[in-house]
Amino acid sequence: MTSKKLNILFLPAWYPHRDDAMLGLFVKNHALSILPYANVSAIYVLASDTNVSVYEVEKNDTDGIYEIIIYFKKCNTPIFGFFINIIRMLLSYKKGWNILLEKRNKPDINHVHILTRAGVIALILKQLYKIPYVITEHWSRYYSFNDSYNGILRKFMTKKVVKQASAMSTVSDSLKNAMNQNGLINKNWEIIPNSIDTDIFTPSIRDKKDSKTRIFHISCFEDKSKNVSGIIRAFARASTENPNLELIMIGAGQDHQKAIDLSNKLKLDNKIEFTGELSPKEVSQKINSCDFQVLFSNYETFAIVIAESLAAGKAVIATNTGAIPEVLPKEFGLLIDAKDEDMLSKSILEMAKTHQKYDIEAMRNYAVSNYNKDKVGKQIIAFYKKYTS
22 MTSKKLNILF
32 LPAWYPHRDD
42 AMLGLFVKNH
52 ALSILPYANV
62 SAIYVLASDT
72 NVSVYEVEKN
82 DTDGIYEIII
92 YFKKCNTPIF
102 GFFINIIRML
112 LSYKKGWNIL
122 LEKRNKPDIN
132 HVHILTRAGV
142 IALILKQLYK
152 IPYVITEHWS
162 RYYSFNDSYN
172 GILRKFMTKK
182 VVKQASAMST
192 VSDSLKNAMN
202 QNGLINKNWE
212 IIPNSIDTDI
222 FTPSIRDKKD
232 SKTRIFHISC
242 FEDKSKNVSG
252 IIRAFARAST
262 ENPNLELIMI
272 GAGQDHQKAI
282 DLSNKLKLDN
292 KIEFTGELSP
302 KEVSQKINSC
312 DFQVLFSNYE
322 TFAIVIAESL
332 AAGKAVIATN
342 TGAIPEVLPK
352 EFGLLIDAKD
362 EDMLSKSILE
372 MAKTHQKYDI
382 EAMRNYAVSN
392 YNKDKVGKQI
402 IAFYKKYTS
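Residues 22 to 410 (our numbering) make up the sequence shown, in order.
Shown next as C-alpha cells:
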C-alpha cells in the first residue's frame, strides 16, 4: 500500500527569481530532492526596485514545484518606508497563501529556509492554522568572524522562531555550533547537507590537447566571503613560475566586474577566463575541461561547489575554515589557511604537479554516498516524520 504524500510548503528567504537565477539555488535543490516523496510548493517574497505595480506575482509549476513568487514595490521613503515595506511584505505572504490554497491542499509541514523573516511567517501560520514548521539554516551570519548577526529585535525574534520550531537543521556541524554559541537552541537538531545532482556532475577524463593546467573557481563573486581577488593575486604569482597555468572563473555576482578589473590590471586577461553565469550542465562541462578547483573562502557554511567538484572526480584546494573540513576529506585535496595568498600560490604550483594522483573513483563515491539528491531527499523526509508526526 502506497503511503500518502506529504504536502510541504517551502518558505525561503533566498530563492532563484527573475533577477537572480542563482540565489538560493541550494534551497531549490532541497525541494527537488524530496519531490519523489512529497507535493512541494514554495512561496517566496522579495522587495523590488523595478516593480511597475505595487505587487507582481509569478506562478510557476516547472520541475514539479509549485512556485509562487511575489515582488512588492520597495518604498524608499525615509522613516515611513521601513513600516510600509513590512506591511507590503506581510500582505504579499497573505496573497501567496491564498494563491497556494486555490491549487494545493493546506500544507502538512512548513519548511523555513534561512532565518529570520520567513521563520516569523511560519510561526504566524502555526498559530493560525496549527501547521508545524521546521527550519533549515544555511546563512553564515552567525560566525563570529562574519559579525553580521546583530540587532536586538532580530536576535529576539530569531530565538523565538528557533525555539518554537518542531525541529531545526543546519547544513553543517560548524554552522550548528555557531548558532548554539549565539543562544539559538532547539532540542531536535540534525545536520542535513546540501544536495547535488550526481547525474549532472560526473567524471570525464579531460582530453589534453596542450600542456596547459586548467584551474577552476565557482562562486557568487562576493569578495567578502569568497576572496576572489585573493585567488587572482595568488594565481598571478603562481603563473610567473608556471606559465602553463590557466584559470577559469565560473559565476557572477556583485564583485564580478571588480575581479575582471583586477585581472586586467595584473595583465592576466590571456590567462583567466570569466564565464559569467552558467547552467548546472554548463558548469559540469567546464569542470570536466579543467584539472582541479580552488576555493579561497574566508568562511563557508557548506561549500556545495566542493561536493560538485568531487562528484566530477576533481581534487580541490580550499581554506580550512567553517564547514569546509567537513566536506573536503584530506585525501581529496589541500586545506590551506584563509587569506594566506602565499600559501595558496604554492599550493596551486604543487597541485599542478600532483592533481593526476588523486583517486577519481574514490572522490566520486564519496560525493555520491553523502550528497546525492536521492539520499538527502530521504534524510529530509525522515526528518519531517520524526519530529512532526
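Positions of the beta carbon are idealized from the N, C-alpha and C atoms, including for glycine.
In this structure, how does DSSP classify Thr342 when only helix, strand and coil are distinguished?
Along the sequence shown, one-based indexing puts residue 342 at 321. Here Thr342 sits in coil by DSSP.
In angstroms, rounded to a whole number, what distance separates the CA positions of Ser305 and Asp41?
Taking the sequence shown and counting its residues from 1, the one referred to as residue 305 is at position 284. Taking the sequence shown and counting its residues from 1, the one referred to as residue 41 is at position 20. When rounded, the distance between both Cα atoms is 20 Å.
Which same chain residues, not among the five before or five after Asp358, have their C-beta less than 8 Å away from its C-beta?
Against the sequence shown, residue 358 aligns to sequence position 337. Here the set comprises Thr340, Asn341, Met364.
With a CB to CB cut of under 7 Å and the five nearest residues on each side skipped, what residues in its chain are close to Met110?
Position 89 of the sequence shown holds residue 110. Cβ neighbours of Met110 beyond the five flanking positions: Val66, Phe93.
CB contact flag (Ala188, Asn171, <8 Å):
Start at 1 with the first residue of the sequence shown, and residue 188 comes out as number 167. Start at 1 with the first residue of the sequence shown, and residue 171 comes out as number 150. Not a contact, by the Cβ cut-off of 8 Å.
Which value, in whole angstroms, describes the spacing of the CA atoms of Gly274 and Val249?
As a first step, residue 274 must be located in the sequence shown, where it is residue number 253. As a first step, residue 249 must be located in the sequence shown, where it is residue number 228. Approximately 11 Å between the Cα atoms of the pair.
For the region 238 to 245 against the region 217 to 228, are there 3 or more C-beta pairs whose distance is under 8 Å?
no
Inspect the beta-carbon positions of Val133 and Ile156 and report whether they are closer than 8 Å.
Taking the first residue of the sequence shown as 1, we reach residue 133 at position 112. Taking the first residue of the sequence shown as 1, we reach residue 156 at position 135. In contact: Val133 and Ile156 (Cβ atoms closer than 8 Å).
Where do the N-terminal and C-terminal ends of the alpha helix (DSSP H) with Gln377 fall, by residue?
Translated into the one-based positions of the sequence shown, residue 377 becomes position 356. Where Gln377 is concerned, there is no enclosing alpha helix (DSSP H), given that its DSSP letter is neither H nor E.
Kindly indicate which residue of Lys49, Gln202, Ser62 has the alpha-carbon position closest to the one of Lys26.
Along the sequence shown, one-based indexing puts residue 26 at 5. Closest by alpha carbon: Ser62.
Within a Cβ cutoff of 6 Å, which residues of the same chain sit near Ile381, ignoring the five residues on either side of it in sequence?
Taking the first residue of the sequence shown as position 1, residue 381 is located at position 360. Excluding sequence neighbours, Ile381 sits near Pro224, Gly334.
Measuring CB to CB, does Asn393 end up less than 8 Å from Ser193?
Residue mapping note: residue 393 aligns to position 372 of the sequence shown, counting from 1. Residue mapping note: residue 193 aligns to position 172 of the sequence shown, counting from 1. No, Cβ-Cβ distance for Asn393 and Ser193 is not below 8 Å.
Using CA atoms only, rank isn't needed, just tell me which of Ile325, Asn28, Leu56, Ser69 is closest to His38.
Numbered from its first residue, the sequence shown carries residue 38 at position 17. His38 has its Cα closest to that of Ser69, out of Ile325, Asn28, Leu56, Ser69.
Which residues share a DSSP beta bridge with Gln275?
Along the sequence shown, read from residue 1 onward, the residue named residue 275 stands at position 254. According to DSSP, Gln275 bridges with nothing at all.
Outcome for Ala403 when other beta-carbon atoms lying within 10 angstroms are tallied against a minimum of 16:
The residue you call residue 403 lines up with position 382 of the sequence shown. With fewer than 16 Cβ atoms within 10 Å of its Cβ, Ala403 is classed as exposed.
Considering Trp210, what are the terminal residues of the alpha helix (DSSP H) in which it resides?
Counting from 1 along the sequence shown, the entry for residue 210 is found at position 189. From DSSP, Trp210 is part of no alpha helix (DSSP H) but of the beta strand (DSSP E) over 210 to 212.
According to DSSP, simplified to helix, strand and coil, what is Asn203?
Mapped onto the sequence shown, residue 203 falls at position 182. Reduced to three states, the DSSP call for Asn203 is coil.
Just to confirm my understanding: we take Arg258, look at its own chain, exclude 5 residues before and 5 after, and list those with CB closer than 6 Å. What are they?
One-based indexing of the sequence shown puts residue 258 at position 237. The residues are Ser366.
Assign Asn309 to one of three DSSP states: helix, strand, or coil.
On the sequence shown, residue 309 is found 288 positions in, with the first residue counted as 1. Reduced to three states, the DSSP call for Asn309 is helix.
Under a three-way DSSP split, which group does Ser232 fall into?
Here residue 232 refers to the residue found at position 211 of the sequence shown. Three-state DSSP puts Ser232 in coil, outside helix and strand.
With burial defined as no fewer than 16 other Cβ atoms inside 10 Å of the residue's Cβ, what is the status of Met22: buried or exposed?
What you label residue 22 is simply residue 1 of the sequence shown in a count that begins at 1. Reliability fails at Met22, whose pLDDT of 41 lies under 50, so the model's placement of it is uncertain and the value that follows must be treated cautiously. Met22 should be labelled exposed.
Among Glu267, Val48, Thr137, Ile152, which one has its Cα closest to the Cα of Ser410?
Taking the sequence shown and counting its residues from 1, the one referred to as residue 410 is at position 389. Checking every option, the nearest Cα to that of Ser410 belongs to Ile152.
Anyone know if the C-beta pair for Phe313 and His376 falls short of 8 Å?
By 1-based counting over the sequence shown, the position of residue 313 is 292. By 1-based counting over the sequence shown, the position of residue 376 is 355. Yes, these two residues count as a Cβ contact at 8 Å.
Per-residue burial, Glu262 [other beta carbons within 10 Å of its own, 16 or more giving buried]
One-based indexing of the sequence shown puts residue 262 at position 241. Label assigned to Glu262: exposed.
Entirely within the region 149 to 207 and at least 4 residues each: give me those alpha helix (DSSP H) ranges in chain order.
Qualifying alpha helix (DSSP H) stretches, in chain order: 173 to 185, 194 to 202.
Kindly indicate which three-state DSSP category Gly334 falls into: helix, strand or coil?
The count along the sequence shown starts at 1 and reaches residue 334 at position 313. Gly334: coil per DSSP, three-state reduction.
Looking at the strands, I want to know which residues DSSP matches up with Lys80.
Residue 80 sits at position 59 when you count from the first residue of the sequence shown. The partner list for Lys80 (beta bridge, DSSP) reads Ile89.
Thr71 versus Leu149, Ile91, Ala59, Tyr58, residue with shortest Cα-Cα distance:
In the sequence shown, counting from the first residue as 1, residue 71 sits at position 50. The residue with the shortest Cα to Cα distance from Thr71 is Ile91.
Compute the Euclidean distance between the alpha carbons of Leu299 and Gly272, then round it to the nearest angstrom.
The residue given as residue 299 occupies position 278 in the sequence shown. The residue given as residue 272 occupies position 251 in the sequence shown. Their backbone Cα atoms lie some 7 Å apart in a straight line.
Nearest to Ile145 by alpha carbon, out of Trp118, Tyr36, Ser161?
Counted from its first residue, the sequence shown places residue 145 at position 124. The shortest Cα separation from Ile145 among Trp118, Tyr36, Ser161 belongs to Trp118.
Opening and closing residue of the alpha helix (DSSP H) in which Ser250 lies:
In the sequence shown, residue 250 corresponds to position 229, counting from 1. Counting along the chain, the unbroken alpha helix (DSSP H) around Ser250 starts and ends at 249 to 262.
So what does DSSP say about Met270, is it helix, strand or coil?
In the sequence shown, residue 270 corresponds to position 249, counting from 1. Strand, per DSSP.
Coarse secondary structure for Tyr65, derived from DSSP in three states
The count along the sequence shown starts at 1 and reaches residue 65 at position 44. Looking at Tyr65 - three-state DSSP - the assignment turns out to be strand.
Buried/exposed call for Ser54, threshold 16 Cβ in 10 Å:
Start at 1 with the first residue of the sequence shown, and residue 54 comes out as number 33. So Ser54 ends up on the buried side.
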